[in-house]
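> Sequence positions in the sequence shown follow this note's numbering and run 889 to 1192.
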Amino acid sequence: MEVFISLRSLAGLLLWALVPAPVQPATPPQRSGVTILYDAFGDRPGLSRDWGFAALVEYGGKRVLFDTGNNAHVFARNARALHVDLRSIDFVVVSHRHGDHTAGLNYLLQINPKVKIYVPKEGFGVFGAALPGSFFRTDSALPVRMRYFAGVPPEELRFGTAWPGANFTWVEGQTEVAPGFFLVSTVSKTPGTLELHELSLVIRTPRGLVVLVGCSHPGIQTILEATRGVGEHVHLIMGGLHLVNTPDPEIQRVVGSLDHDWQVDLIAPGHCTGEPAFAALQRAFGRRYRYAGLGTFVDLEEPE
Ligand SMILES: [Zn+2]
Ligand SMILES: [Zn+2]
889 MEVFISLRSL AGLLLWALVP APVQPATPPQ RSGVTILYDA FGDRPGLSRD
939 WGFAALVEYG GKRVLFDTGN NAHVFARNAR ALHVDLRSID FVVVSHRHGD
989 HTAGLNYLLQ INPKVKIYVP KEGFGVFGAA LPGSFFRTDS ALPVRMRYFA
1039 GVPPEELRFG TAWPGANFTW VEGQTEVAPG FFLVSTVSKT PGTLELHELS
1089 LVIRTPRGLV VLVGCSHPGI QTILEATRGV GEHVHLIMGG LHLVNTPDPE
1139 IQRVVGSLDH DWQVDLIAPG HCTGEPAFAA LQRAFGRRYR YAGLGTFVDL
1189 EEPE
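(1) Can at least three beta-carbon pairs, one atom from the region 1134-1142 and one from the region 1112-1119, be found at a separation below 8 Å?
(2) What is the rounded straight-line gap between the Cα of G1068 and the Cα of I1125?
(3) Just verifying my parser: in three-state terms, what is the DSSP assignment at F954?
(4) Put Q1109 into one of helix, strand or coil per three-state DSSP.
(5) What does the alpha-carbon distance come out to for the pair D1027 and R1035?
(6) Identify, in the order they occur along the chain, each residue of the same chain with its Cβ nearer than 6 Å to the Cβ of S983, setting aside the five sequence neighbours on each side.
(7) Which value, in whole angstroms, describes the spacing of the CA atoms of Y1006 and G1107?
(8) Would you say the beta carbon of H1123 is closer than 7 Å to some non-hydrogen atom of ligand 2?
(9) What is the residue span of the beta strand (DSSP E) that R1092 lies within?
(10) Let's test the definition: count the other Cβ atoms within 10 Å of the Cβ of S1073 and tell me whether it reaches 16, buried, or not, exposed.
(11) I need the straight-line Cα distance from T1057 to G1011, nearest angstrom please.
(12) Could you check where the beta strand (DSSP E) with R1046 kicks off and where it finishes?
(13) Less than 8 Å between the beta carbons of V980 and L925, yes or no?
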């Protein structure tokens, strides 16, 4: 009898261990700031530097993942080392289609397969697309076997994505995705990334706009022009400014414009901003420069 009871309680214990713990609703973040999860510079121990960008935004009770880095394993390692629970994020923004911003999606989707992911709307891109079935010119004189869909195309044609099953929302123009959180879409006119669509995250704060950029392929000034519909004053710019191989005079022109024309309060550059531009921005902004290496938490409510 005794053996029977202990076997029963053992079975109960095993069952209890197999039942997953109830999922607790994620508590909203208590702090306001941006943590750099992926970049190629920084000295914080336990993190892996690599070319690419990802950041966690905590603001106004929301947790937002911006970009996912260049390698799913490195992204996973850094997120774990920084105690970022990717199941608790409210939504994701992927700035553009380049691999150094998208590769971590493969890990993210393992952890949180249904999470809402905002991506730039592009025709026939890696995030998929849709067009009306009437997008092509027709020739009804052709025999049916030479006509697309035998002359009867579906109402809508969907095009494939590298991440089928991902909960993508395609964004163009400007859209408010949560109270005070805006996405602005811009298009690159630069040879090499011509017609690349890029999303930037713009947060309306009492101090002005916080603008988070992935690579700024369309140019940081073009992106700032696009934020004018959200607010007047730019408080902080974070992320990649893509001046990585830009000659010094052009760097000086951009830095001067951010400082004097745009009167940006704070700058926290990272990723493809480039070493000479880090130096030029630090010279120009002085105490208004915020270091944002891998693992850094940039406080959005630090005392002024
Ligand atoms: Zn890029
Ligand atoms: Zn990049």
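Don't be surprised by glycine CBs; every beta carbon is placed ideally from N, CA and C.
From the atom records:
(1) With a cut-off of 8 Å, the region 1112-1119 and the region 1134-1142 do not count as touching, because too few Cβ pairs lie within range.
(2) Taking the first residue of the sequence shown as 1, we reach residue 1068 at position 180. Taking the first residue of the sequence shown as 1, we reach residue 1125 at position 237. Those two C-alpha atoms are separated by around 16 Å.
(3) Translated into positions along the sequence shown, residue 954 becomes position 66. F954: strand per DSSP, three-state reduction.
(4) Within the sequence shown, the letter at position 221 stands for residue 1109. Secondary structure at Q1109: helix, using DSSP grouped into helix, strand and coil.
(5) In the sequence shown, residue 1027 corresponds to position 139, counting from 1. In the sequence shown, residue 1035 corresponds to position 147, counting from 1. Whole-angstrom Cα-Cα distance: 8 Å.
(6) Taking the sequence shown and counting its residues from 1, the one referred to as residue 983 is at position 95. Once the five neighbours on either side are set aside, the close Cβ partners of S983 are D955, H989, E1086, L1087 and G1102.
(7) Indexing the sequence shown from 1 puts residue 1006 at position 118. Indexing the sequence shown from 1 puts residue 1107 at position 219. Cα to Cα, Y1006 sits roughly 21 Å from G1107.
(8) Numbered from its first residue, the sequence shown carries residue 1123 at position 235. No, ligand 2 has no heavy atom inside 7 Å of this Cβ.
(9) Sequence index remark: in the sequence shown, residue 1092 carries index 204 (1-based). Taken as a continuous stretch (DSSP letters only), the beta strand (DSSP E) holding R1092 covers H1085 to T1093.
(10) Translated into positions along the sequence shown, residue 1073 becomes position 185. Buried, because 16 or more other Cβ atoms sit within 10 Å of the Cβ of S1073.
(11) By one-based count along the sequence shown, residue 1057 stands at place 169. By one-based count along the sequence shown, residue 1011 stands at place 123. So the two alpha carbons sit approximately 14 Å from each other.
(12) If you number the sequence shown from 1, residue 1046 lands on position 158. E1044 to F1047 is the span of the beta strand (DSSP E), which, as asked, contains R1046.
(13) As a first step, residue 980 must be located in the sequence shown, where it is residue number 92. As a first step, residue 925 must be located in the sequence shown, where it is residue number 37. When the beta-carbon positions are compared, V980 and L925 stay at least 8 Å from each other.
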